[in-house]
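**Student:** Okay, here's the structure, questions in a sec.
There are 2 protein chains.
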Amino acid sequence: MTRFTRIGLVGGTGREGPGLALRFAQAGAHVVIGSRSAKRAGQTVEQIRALVSGARLEAADNAAAISTCEVVFLCVPFAHAAATVDAHRAAFQPGSLVVDVTVPVTFEGGPPRLIDLPEGSATEHLRRRLPQAVGLAAALKTIPARLLAELGTPLDCDDFVCGDSREVRQRASDVLRLIPGLRPIDAGPLEAARTLERMTLLAIGINRRYKIHDARFRLVGLPAVSS
Amino acid sequence: MTRFTRIGLVGGTGREGPGLALRFAQAGAHVVIGSRSAKRAGQTVEQIRALVSGARLEAADNAAAISTCEVVFLCVPFAHAAATVDAHRAAFQPGSLVVDVTVPVTFEGGPPRLIDLPEGSATEHLRRRLPQAVGLAAALKTIPARLLAELGTPLDCDDFVCGDSREVRQRASDVLRLIPGLRPIDAGPLEAARTLERMTLLAIGINRRYKIHDARFRLVGLPAVSS
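One line per chain: the protein sequences are W and A, in this order. Be aware that the first sequence starts at 631, since it is given in this note's numbering, and climbs by one per residue. Be aware that the second sequence starts at 631, since it is given in this note's numbering, and climbs by one per residue.
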């Protein structure tokens, strides 16, 4: 991770994108906000510039956010994630890092529940669709989107990062470490996304039960992570 | 939960039982240590008495621990849990509370993994076997057994409690609250055991990856639980 790494947000104008862009922009990173509509991306860029002076931001369509960035966060709602990856398959650059932050939770028909996926998790579902030459990690699954957008509130929690390989998890963690108050923790192979997505569901249930909004997790027993 | 509640530990001489007995005994609770061998139960009682003066402890066979206690913790290894419940089905008292602390993790053939269960979790697997008139909760799944036994080390973490009903979770939480440094959190219906068992697997992986021993969880964003 260098100051010159370009961080692309696919679906950067949605629920999670603007908050993530804010946090990265505040850290001085170069952020490319991608959207199906370049116009909407431009509006989000303006909103963030108003909050973070000197922010290094670009508006783009999703294809450009994918093809011009070394690190690409998939911030689209899970329902559109597979279609978005399929539509832009050719834009992903070999050697680039994709970070899946989607959560396959549905609120339809009763209490929130996980969407049943044959691969076991949203991340594994997307792995099958992404080019082999792209590294895939899952992160930020358990971090409330709402909280990311509240710049004044410290995140004060840990982020469990799983991925294809130790090297991929390491790269994703280096990027996430730009965000103050967020400690990335190596959660192992991609399969751990099954756990992280369930933990999000657990946090949603706890939010409802206790009438709070930002339930999230910290790992106890790991004094300091140098990694 | 009153001072007079009897807490029974089925398989109380195993990996998790003695630590749990220690913590409850230290809190002044009345603990019945059950074992297949009443002699081994007696030895564990003596060991705990040597550490906690004035401890209110009884040794028993598993059947007596089940039939004479209002709250029964299932502390046997998961591999023996179903058989133990089946063997003692008639001993469970209507209205009593059973707390499942087992984790269906196997270390055989490669990295630790969850045992595949048709019901989705160990707790749901046991629910099918227990009498209907018994309340079932899952708790302590993510608390390292080793840590329970280290009386000098504060647990300093949260415990996610799921169960049949809000009332069952409440009763289990009242018992768990006896243990200092452990905050019970209502994790919802029994199905949440699927998440808690996966979180244990996650903690085991993190322990190995970071060469630590007691990875566990705290929930951030829930300032104080009055429940």
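Cβ coordinates follow ideal geometry from the N, Cα and C atoms, glycine included. Please read all numbers here as calculations on a predicted model, not as lab measurements.
Look at A659/A and S665/A and say whether their C-beta atoms are less than 8 Å apart.
**Tutor:** Indexing the second sequence from 1 puts residue 659/A at position 29. Indexing the second sequence from 1 puts residue 665/A at position 35. No. Outside cutoff.
**Student:** With 9 Å as the C-beta to C-beta threshold (strictly closer), list the residues of the stretch 694–720 of chain A near chain W in chain order.
**Tutor:** Listed in sequence order: no entries.
**Student:** Under a three-way DSSP split, which group does A768/A fall into?
**Tutor:** Within the second sequence, residue 768/A is the residue found at index 138, counting from 1. The answer is strand: DSSP assigns A768/A an E or B state.
**Student:** What is the rounded straight-line gap between the Cα of V798/W and the Cα of A767/W?
**Tutor:** Translated into the one-based positions of the first sequence, residue 798/W becomes position 168. Translated into the one-based positions of the first sequence, residue 767/W becomes position 137. Straight-line Cα distance between these residues: approximately 7 Å.
**Student:** Which residue's Cα is closest to the Cα of L681/W: S697/W, A651/W, L704/W?
**Tutor:** Start at 1 with the first residue of the first sequence, and residue 681/W comes out as number 51. Residue A651/W is the option with its Cα nearest to L681/W.
**Student:** In whole angstroms, give me the CA-to-CA distance for I834/A and G649/A.
**Tutor:** Taking the first residue of the second sequence as 1, we reach residue 834/A at position 204. Taking the first residue of the second sequence as 1, we reach residue 649/A at position 19. Their Cα atoms are separated by approximately 19 Å.
**Student:** What separation, rounded to the nearest whole angstrom, lies between the Cα atoms of T732/W and A854/A?
**Tutor:** Within the first sequence, residue 732/W is the residue found at index 102, counting from 1. Within the second sequence, residue 854/A is the residue found at index 224, counting from 1. Approximately 29 Å, taken between the alpha carbons.
**Student:** Starting from I815/A, find everything on chain W with Cβ-Cβ shorter than 7 Å and list it in chain order.
**Tutor:** Along the second sequence, one-based indexing puts residue 815/A at 185. Residues of chain W passing the Cβ test: I836.
**Student:** Just list the residues that DSSP pairs R846/W with in beta bridges.
**Tutor:** For the purposes of this step, residue 846/W is identified with residue 216 of the first sequence, where counting begins at 1. V850/A, per the DSSP bridge assignment.
**Student:** Whose C-beta lies closer than 6 Å to the C-beta of T714/W among residues of the same chain, with five residues either side of it excluded?
**Tutor:** Start at 1 with the first residue of the first sequence, and residue 714/W comes out as number 84. Result list for T714/W: V706, in chain order.
**Student:** Is the CB of G664/W under 8 Å away from at least one CB in chain A?
**Tutor:** In the first sequence, the residue the question calls residue 664/W occupies position 34. False, the Cβ-Cβ gap to chain A never drops below 8 Å.
**Student:** Can you tell me which of the three DSSP states E688/W falls into?
**Tutor:** Position 58 of the first sequence, counting from 1, holds the residue named residue 688/W. The answer is strand: DSSP assigns E688/W an E or B state.
**Student:** Which chain A residues are close to A775/W, counting only those with a beta carbon under 8 Å from its beta carbon?
**Tutor:** What you label residue 775/W is simply residue 145 of the first sequence in a count that begins at 1. Neighbours of A775/W on chain A: none; closest Cβ ~14 Å, over 8 Å.
**Student:** If we require 4 or more residues per run, which alpha helix (DSSP H) segments fall completely within the stretch 655–741 of chain W?
**Tutor:** Counting only runs of 4 or more, we get 668–681, 692–697, 708–717.
**Student:** Just the Cα atoms here: how many angstroms apart are L594/W and L760/A?
**Tutor:** Here chain W has residues from 631 to 857 only, and residue 594/W is not among them.
**Student:** What does F847/W touch in chain A if you count any residue whose Cβ is under 8 Å from its own?
**Tutor:** For this step, residue 847/W is matched to residue 217 along the first sequence. F847, R848, L849, V850, listed in chain order.
**Student:** Please go through the stretch 738–819 of chain W and give each complete alpha helix (DSSP H) segment of 4 or more residues, from N-terminal end onward.
**Tutor:** With a minimum length of 4 residues, the continuous alpha helix (DSSP H) runs that stay inside the stretch 738–819 of chain W are 752–757, 775–778, 796–806.
**Student:** What is the rounded straight-line gap between the Cα of Q723/W and the Cα of E700/W?
**Tutor:** Within the first sequence, the letter at position 93 stands for residue 723/W. Within the first sequence, the letter at position 70 stands for residue 700/W. So the two alpha carbons sit approximately 8 Å from each other.
**Student:** Starting from the beta carbon of T643/W, find every residue of chain A whose beta carbon is closer than 7 Å, and list them in chain order.
**Tutor:** For the purposes of this step, residue 643/W is identified with residue 13 of the first sequence, where counting begins at 1. Under the 7 Å cutoff, chain A gives no residues; its nearest Cβ is about 26 Å from T643/W.
**Student:** Quick check on the burial criterion: 16 or more other C-beta atoms within 10 angstroms. Buried or exposed for A655/A?
**Tutor:** For this step, residue 655/A is matched to residue 25 along the second sequence. Classification for A655/A: buried.
**Student:** Could you name the residues of the stretch 656–689 of chain W whose beta carbon sits closer than 7 Å to any beta carbon of chain A, in the order they occur along the chain?
**Tutor:** So the list is empty, because no residue satisfies the distance condition.
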